[in-house]
Amino acid sequence: PSALDNRPLKFEEWERLAPQTIFVSATPGPYELGRTSTVIDQVVRPTGLVDPEVEIRPVATQVDDLLSEINRCAALDQRVLVTTLTKRMAEDLTDYLGEHGVRVRYLHADIETVERVEIIRDLRLGAFDVLVGI
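Residue numbers (this note's numbering): 65 to 198.
Spelled out as structure tokens, the structure:
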């Protein structure tokens, strides 16, 4: 639609003309939330993937919990991906885990591209069990 003077409608004019609106967003903002009476969650994702099970554990024992989970997964010949908040934390955690006998590497933006590819390849090949990154 266009205005009588043959110009595109202003947003407010368009809003008045639209009888119904469906807002689709993973993260609706104040504008969308202010104009709806109901928010519907999409339970079944279009990818067919289901949400993973999430377990909340105490912060005080998080490193010990991580170490025990790593050992459990390594015994099953599985790999573990660990995320940290900073590059420094990734490096420090990698050092700590290495001191406790874990086969571990870290990955972040300061690693050169070729080395990143090698690290990911080595993870797939089982050269180490844990990849720590941000």
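For every residue, glycine included, the Cβ atom is placed at its ideal position computed from N, Cα and C.
Exercise for review: Output the distance between the C-alpha atoms of I183 and G190, rounded to the nearest integer angstrom.
Suggested key: As a first step, residue 183 is located in the sequence shown; it is residue number 119 there, counting from the start. As a first step, residue 190 is located in the sequence shown; it is residue number 126 there, counting from the start. Note on geometry: alpha-carbon atoms of I183 and G190 lie some 11 Å from one another.
Check your understanding: What residues are listed by DSSP as bridge partners for Y170?
Key -> Sequence index remark: in the sequence shown, residue 170 carries index 106 (1-based). DSSP output for Y170 lists V196 as bridge partner(s).
**Study point:** Helix, strand or coil at P116 [DSSP, three-state]
**Key:** By one-based count along the sequence shown, residue 116 stands at place 52. P116: coil per DSSP, three-state reduction.
Practice item. Apply the 10 Å Cβ neighbour rule to L140 and answer buried if 16 or more other Cβ atoms are within range, or exposed otherwise. Key: Here residue 140 refers to the residue found at position 76 of the sequence shown. Result: exposed.
**Study point:** Unbroken beta strand (DSSP E) run spanning L189, endpoints
**Key:** In the sequence shown, the residue the question calls residue 189 occupies position 125. Unbroken run through L189 is the alpha helix (DSSP H), T177 to L189; no beta strand (DSSP E).
Practice item. Kindly indicate which residue of V178, E163, R167 and K151 has the alpha-carbon position closest to the one of G197. Key: Translated into positions along the sequence shown, residue 197 becomes position 133. The shortest C-alpha separation from G197 is found at K151.
Review point. Taking buried to mean at least 16 other C-beta atoms within 10 Å of its own C-beta, is D193 buried or exposed?
Key: Position 129 of the sequence shown, counting from 1, holds the residue named residue 193. Buried, by the Cβ-count rule.
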